[in-house]
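Protein sequences, first through last, are from chains G and E.
Mapping of the first sequence onto our numbering: residues 995 to 1209, in sequence order.
Mapping of the second sequence onto our numbering: residues 49 to 133, in sequence order.
All residues carry an ideal CB built from backbone N, CA and C; glycine is no exception.
It should be emphasised that the depicted structure is a prediction, and the values quoted were computed from it without experimental measurement.
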Amino acid sequence: MKKGVIITLPQSDDVTEYLVAFFNPILDEISKYGIIVKLLRKEEVTRANFENTIKSYDYNAVFFNGHGDIDCITGHKQEEIILAGENESLLLGRIIYARSCWAAEGLGKSIIGRDNSGCFIGFNIPFMFLYDVTRISNPIKDHIAEIFFETANMAPLSIIKGKTSGEAHESSKNAMLKSIRKALLKKDKDSEAIAEALWNNYSGQVLLGNPEATL
Amino acid sequence: MKRESSSEENEINKKLKEIVIARINARMSPNLKLSMGASGSLDKGEMIEHVLKGDELGNQIIKVHLNFMKAQSTGELTKALNTLA
């Protein structure tokens, strides 16, 4: 395996538009740290293309943005690009971050159950975020959604900065707690709803496998 | 006896839905939507509809509310916040 990151960035609905918009700050950081990266964007995020990419580039980390279910993570137009029991072996021994609903529960456990030298940071419940519909044409200006993505971004960002998977996971969870505290202290109309959805993500983000894995 | 407990259960479920709906109504601006991944993004009215129907999405919303209420009432949330520097 070589040091580098494969990143999936599907953009085929409102949710994936938001995932990608708020992943861009991480791409800026990656270039600062000189990390080699292979991006799969929009219609490039198909199963065939993902499989070919990981086989040919063989990078030691994969960051997924996309929808998910217990046994899979999807790409463009919700095509299943990685599926437990089918092509999960492509991820064995790697550092995986999956901003996808549920995937840690089945897919993550299955991968780490076969090889725990790598790690899987993801969610064992739906990853939730609130967003402002008046900002949908320009998600990056959505300061409500920003709270959810900035906190979740701490995990992949920390990995890029050379932290261990355990530190990255904790950094993200701490950021979620700080934002919960900030929301509850603010006490405006949406504060409790924000804190509640953040608590959902805090409770559901898990690190499976090796907590000492580094890029 | 069985019928009575089933009726009690229904009453509890009904009350639970009422609490969750009241919380959604009181604590979410009309311009906000909740994204629940591939299951969709819901505005306030749609969230309430799913809770009333008691479908998969509605039950997921109820679970999120219950988890937060439980974390607040058991002190789990305070304990977690106290770990922050």
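- The beta-carbon of E/Leu64 is placed no less than 8 Å from the nearest beta-carbon of chain G.
- Counting C-beta atoms within 10 angstroms of its own C-beta, G/Tyr1125 has 16 or more neighbours from the protein chains shown and is therefore classed as buried.
- Residue contact check for G/Cys1095 against chain E: a CB pair falls below 8 Å.
- With its beta carbon less than 8 Å from one in chain E, G/Ile1138 belongs to the interface.
- DSSP places G/Arg1035 in no alpha helix (DSSP H) but in the uninterrupted beta strand (DSSP E) bounded by Val1031 to Arg1035.
- Assignment of G/Ala1078 by DSSP, reduced to helix, strand and coil, places it in the coil class.
- Within the model, the alpha-carbon separation for G/Phe1117 versus G/Glu1186 is close to 22 Å.
- At the C-beta level, G/Glu1011 and G/Arg1041 stay beyond 8 Å of one another.
- As computed with DSSP, G/Val1056 is found in a beta bridge with G/Ile1000 and G/Ile1090.
- Within chain E, the residues whose beta carbon sits less than 9 Å from that of G/Ala1187 are Arg71, Ile72, Arg75, Met76, Ser77, Leu80 and Leu82, listed in sequence order.
- Taking G/Leu1086 as reference, the option from G/Ile1106, G/Leu1077 and G/Ala1078 with the minimal CA-CA separation is G/Ile1106.
- Secondary structure of G/Val1200 (DSSP, three-state): strand.
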